[in-house]
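Residues in the sequence shown are numbered from 69 upward in steps of one, following this note's numbering. Scroll down for the structure; my scribbles are underneath it.
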Amino acid sequence: MTGRVSAAAIAALLRPGMRVYVQGGASEPCEFSVALAQAPDSCRGVTFFQFNVPGLNRTDFSSLGPEARQVAFFATRDLERAIVAGRATIMPNHIHDAFIFLTRRARFDLAIVAVSPPDGRGQCSFGVSGDMVPFVLDRAGLAIAAINPAIPRTPGAPSVALSRFDHVFEAEAKLLEIAPPALNAANLALGLHVAELIEDGDTLEMGVGATPSAVMAALSGKRDLGIHTGLMSDSILDLYQAGVVTGAAKNVDRGRIVSGVAVGSKRLYDALGAGLPVDLRPVSYTHDPAIIDRLDRFVAVNSVIEIDLFGQANAEIAGGRFISGTGGLLDFVRAARRAPHGRSILALVATAAGGKISRIVPALAQGTPACVPRAEADYVATEHGVAVLRDKTADERAEALIAVAAPAFRDALMAGWKAVRAGKVLPAL
Numbered sequence: 069m070t071g072r073v074s075a076a077a078i079a080a081l082l083r084p085g086m087r088v089y090v091q092g093g094a095s096e097p098c099e100f101s102v103a104l105a106q107a108p109d110s111c112r113g114v115t116f117f118q119f120n121v122p123g124l125n126r127t128d129f130s131s132l133g134p135e136a137r138q139v140a141f142f143a144t145r146d147l148e149r150a151i152v153a154g155r156a157t158i159m160p161n162h163i164h165d166a167f168i169f170l171t172r173r174a175r176f177d178l179a180i181v182a183v184s185p186p187d188g189r190g191q192c193s194f195g196v197s198g199d200m201v202p203f204v205l206d207r208a209g210l211a212i213a214a215i216n217p218a219i220p221r222t223p224g225a226p227s228v229a230l231s232r233f234d235h236v237f238e239a240e241a242k243l244l245e246i247a248p249p250a251l252n253a254a255n256l257a258l259g260l261h262v263a264e265l266i267e268d269g270d271t272l273e274m275g276v277g278a279t280p281s282a283v284m285a286a287l288s289g290k291r292d293l294g295i296h297t298g299l300m301s302d303s304i305l306d307l308y309q310a311g312v313v314t315g316a317a318k319n320v321d322r323g324r325i326v327s328g329v330a331v332g333s334k335r336l337y338d339a340l341g342a343g344l345p346v347d348l349r350p351v352s353y354t355h356d357p358a359i360i361d362r363l364d365r366f367v368a369v370n371s372v373i374e375i376d377l378f379g380q381a382n383a384e385i386a387g388g389r390f391i392s393g394t395g396g397l398l399d400f401v402r403a404a405r406r407a408p409h410g411r412s413i414l415a416l417v418a419t420a421a422g423g424k425i426s427r428i429v430p431a432l433a434q435g436t437p438a439c440v441p442r443a444e445a446d447y448v449a450t451e452h453g454v455a456v457l458r459d460k461t462a463d464e465r466a467e468a469l470i471a472v473a474a475p476a477f478r479d480a481l482m483a484g485w486k487a488v489r490a491g492k493v494l495p496a497l
């Protein structure tokens with residue numbers, strides 16, 4: 069029988085050696101971490117797992133008590149100290165592998181998720197999450213719900229019976245929000261180049277951040293775009309309200325926006341509760357190659373940090389620091405290349421540090437992970453244009469990438485490519 073308790077009482081259930089899953093995303097039950105911080109000994113020897121969204125989920129569970137540990141799927145600035153100290157570690161899984169791990173292989177002593185208050189039938193909505201949260205409950209000894217009235221009762225979101233939980237606690241709090249990023253001239257120019265590759269009726273995958281926002285802003289003249297993505301933001305809501313996103317041309321889930329989670333502002337969350345035509349689906353659907361392979365004209369647009377002249381892309385390390393994770397990047401890149409008339413677009417501003425550093429490099433530095441292998445690269449866009457890499461030779465790829473690099477670095481990149489071809493050690497640009 070489901071019992072109502074306090075967040076402090078849930079914290080008191082913890083014991084050394086326990087494995088605890090805490091939901092991430094916009095509805096992270098922050099009341100629980102507040103309770104942990106007030107009773108640090110409850111965290112002693114506990115390992116916390118969270119599928120965290122960079123820039124949104126900022127809790128360092130390993131810092132809340134002695135000998136606590138955290139396993140995350142994205143490196144973030146908020147976890148940097150814990151990672152360096154060895155209190156936190158990152159599981160570098162593609163998101164479909166993270167789903168399989170969390171829902172089929174892992175075992176947890178407790179799983180703590182956030183849901184809306186129950187309706188008249190005793191059903192609670194996950195509101196802004198469909199990715200993996202509903203399925204983690206089956207891997208936990210105790211299923212615990214944080215009841216939050218701010219979670220919308222989204223018609224297209226999964227639901228769960230209140231009776232499914234062993235304990236519930238009240239957790240009334242605003243959903244976590246990500247503010248729209250500020251866009252500069254380079255972002256806007258990049259967005260225009262990407263938009264040139266998108267046609268009326270295409271189905272898009274896109275994330276959050278400056279580059280996706282700039283691309284979305286450049287799509288106002290398109291018609292009947294569809295959405296099939298892992299994470300939807302306010303930019304998608306804007307395009308839906310402008311009549312650009314209709315899903316009318318989708319051959320799968322026609323007329324529906326498909327996403328794993330929603331992350332943005334209260335305006336987005338309110339729209340979900342008001343009946344925005346969104347289906348929040350599990351990772352096993354949003355990232356399933358068998359589903360995406362059926363999507364005609366599927367276009368994946370993803371930001372990367374740097375790309376080398378082979379076409380290998382790094383999306384995890386900046387300035388020698390891990391700031392992100394593997395996520396669904398390669399899942400969508402591969403799917404877009406296979407889908408009928410599909411395209412994968414890797415997008416990045418050509419320089420960093422105020423123009424002092426080229427983000428197109430001769431070769432990725434030793435120790436830098438290639439999140440996108442060279443054979444998977446398709447289109448690459450910067451504010452200087454678009455490089456088409458599909459079906460190109462190695463030298464043709466290098467030439468195309470140099471042509472969209474910042475002009476000040478093109479001679480050095482050509483010299484660097486010649487050195488790579490000669491097997492020489494490269495100096496930094």
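Built from N, CA and C at the ideal position, the CB exists for glycine as well.
Using the C-alpha atoms, what's the distance from residue j back to residue i?
i           : j           : result
residue 313 : residue 294 : 6 Å
residue 148 : residue 390 : 8 Å
residue 410 : residue 162 : 21 Å
residue 259 : residue 208 : 43 Å
residue 197 : residue 348 : 6 Å
residue 283 : residue 201 : 29 Å
residue 279 : residue 264 : 14 Å
residue 397 : residue 387 : 20 Å
residue 454 : residue 335 : 34 Å
residue 488 : residue 471 : 18 Å
residue 292 : residue 225 : 23 Å
residue 243 : residue 486 : 52 Å
residue 414 : residue 447 : 6 Å
residue 459 : residue 104 : 54 Å
residue 419 : residue 474 : 7 Å
residue 465 : residue 154 : 40 Å
residue 185 : residue 346 : 20 Å
Mind reading off the beta-carbon distance from residue i to residue j? Whole number of angstroms is fine, and I expect it under 8 Å.
i           : j           : result
residue 95  : residue 219 : 5 Å
residue 93  : residue 329 : 5 Å
residue 370 : residue 436 : With a Cβ gap of about 17 Å, residue 370 and residue 436 do not count as contacting.
residue 273 : residue 368 : 4 Å
residue 481 : residue 425 : With a Cβ gap of about 13 Å, residue 481 and residue 425 do not count as contacting.
residue 204 : residue 170 : 5 Å
residue 361 : residue 403 : 7 Å
Here's the rule I'm using: 16 or more other beta-carbon atoms within 10 Å means buried, otherwise exposed. How should residue i be labelled?
i           : result
residue 91  : buried
residue 252 : exposed
residue 270 : buried
residue 319 : exposed
residue 297 : buried
residue 199 : buried
Determine the contact status of residue i and residue j, defining contact as a CB-CB distance below 8 Å.
i           : j           : result
residue 316 : residue 322 : yes
residue 372 : residue 440 : yes
residue 128 : residue 150 : yes
residue 156 : residue 126 : no
residue 223 : residue 343 : yes
residue 193 : residue 227 : yes
residue 305 : residue 250 : no
residue 119 : residue 182 : no
For residue i, which residues in the same chain have their Cβ closer than 7 Å to its Cβ, ignoring the five residues on either side in sequence?
i           : result
residue 442 : 378, 379, 380
residue 393 : 141, 142, 143, 158, 160, 384
Spatial neighbours of residue i within its chain, please: C-beta separation below 6 Å, excluding the five flanking residues on both sides.
i           : result
residue 100 : 75, 180
residue 117 : 89, 139
Excluding five sequence neighbours on each side, which residues of the same chain lie with their C-beta closer than 8 Å to the C-beta of residue i?
i           : result
residue 109 : 133, 134
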